[in-house]
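Trainee: Take this structure first; my questions come after.
Residue numbers (my numbering): 407 to 619.
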C-alpha cells in the first residue's frame with residue numbers, strides 16, 4: 407500500500423529513543439518504536455501509532471556527523487505531525503519542511519526507483535502568456551526505459567540516461583524546467599514537498615539526508 411509522505415529537516419541532534427517514555431505520554435500507549443543501527447554513523451527510527459483502522463508513521467534518519475543531522479518522513483493524520491513538531495521545537499529542535507528542487511527530485515526518483523523499470527512521466531507546469539498551455543508531460547514507457555538504460559548498473563538512470571536523452575531529442579533541459587512531478591506508474595511519485603511510496607529503503611533516506619546539506 408502506498409502512502410503520501412511529507413518531509414522535514416531537523417536542525418538539532420536529538421536521541422528520540424531516549425525520550426520514548428515522554429513521547430508515549432504525548433501520543434498514548436499505542437505508540438511503538440523500532441530502532442535500526444544502519445552503520446557506525448547512521449541510525450533509523452520508526453515510530454508507529456495505530457488508532458482504530460489508521461496507522462501513522464514517523465521515520466527518522468539520523469547522522470550526527472553532518473551539519474543537518476536528521477530528516478523526518480511522516481504519513482498519517484495532520485494533527486499528529488503538528489503535535490510532534492511542537493514537541494520537537496520545545497526540545498530546541500528547528501523543524502523545517504523540505505522543498506526539493508528539480509535536480510533533487512531527479513535524485514530522489516532515481517533512488518526510489520532503484521534498478522526497477524516503470525512507465526515513467528515527468529510533468530511540468532508551463533504557463534504561457536495567453537494561458538493556453540498549462541502543463542507539459544513527457545512519458546517514457548517501461549520498455550523504452552529498459553532499452554535506454556540497458557548498460558547502466560547504478561541507481562542514476564534518470565540523471566545519466568533519460569534526462570540527457572530528452573535533451574538530445576527535444577532540446578529540453580529538464581533541470582531548468584518547472585518540474586512538478588515524477589511518476590512511476592503504480593509504484594511512486596515525487597513532487598517538491600511530498601513523496602508517495604509504499605516504504606523507505608535506508609539508502610533512499612540517506613540520499614534525502616545528503617540532499618539537504
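Beta carbons: idealized from backbone N, C-alpha and C, even for Gly.
1. What residues in its chain sit with their C-beta under 8 Å from that of residue 481, if we drop five residues either side in the sequence?
2. So residue 471 is in the alpha helix (DSSP H); what residue range does that whole segment cover?
3. Mind checking who residue 480 pairs with in its DSSP beta bridge?
4. What do you get for residue 519, buried or exposed, if any count of 16 or more other CB atoms within 10 angstroms of its CB means buried?
5. With a Cβ-Cβ cutoff of 8 Å, do residue 438 and residue 517 count as a contact?
6. Between the segment 487-499 and the segment 533-543, do three or more beta carbon pairs fall short of 8 Å?
7. Using a Cβ-Cβ cutoff of less than 6 Å, which residues in the same chain neighbour residue 442 once the five nearest sequence positions on both sides are dropped?
8. Do you know offhand how far residue 540's Cα is from residue 487's?
9. At a cut-off of 7 Å, is residue 557 close to the ligand HEM when judged by its beta-carbon and the heavy atoms of the ligand?
10. Looking at the structure shown, is residue 457 part of a helix, part of a strand, or coil, going by DSSP?
Mentor: The relevant details are as follows:
1. As a working mapping, residue 481 is identified with position 75 in the chain shown. The residues are 409, 410, 411, 412, 462, 463.
2. One-based indexing of the chain shown puts residue 471 at position 65. Run containing residue 471: none; DSSP gives neither H nor E here.
3. Residue 480 sits at position 74 when you count from the first residue of the chain shown. According to DSSP, residue 480 bridges with 412, 464.
4. The residue you call residue 519 lines up with position 113 of the chain shown. So residue 519 ends up on the buried side.
5. Residue mapping note: residue 438 aligns to position 32 of the chain shown, counting from 1. Residue mapping note: residue 517 aligns to position 111 of the chain shown, counting from 1. Not a contact, by the Cβ cut-off of 8 Å.
6. Under the 8 Å Cβ criterion, the segment 487-499 does not count as touching the segment 533-543, having fewer than three qualifying pairs.
7. The residue labelled residue 442 in the question sits at position 36 within the chain shown. Taking residue 442 as the centre and dropping the five residues before and after it, the same chain places the C-beta of 450 closer than 6 Å to its C-beta, in chain order.
8. The residue given as residue 540 occupies position 134 in the chain shown. The residue given as residue 487 occupies position 81 in the chain shown. A straight line joining the alpha-carbon of residue 540 with that of residue 487 spans about 33 Å.
9. The model depicted lacks the ligand HEM and carries no ligand whatsoever.
10. Here residue 457 refers to the residue found at position 51 when the chain shown is read from its first residue. Here residue 457 sits in strand by DSSP.
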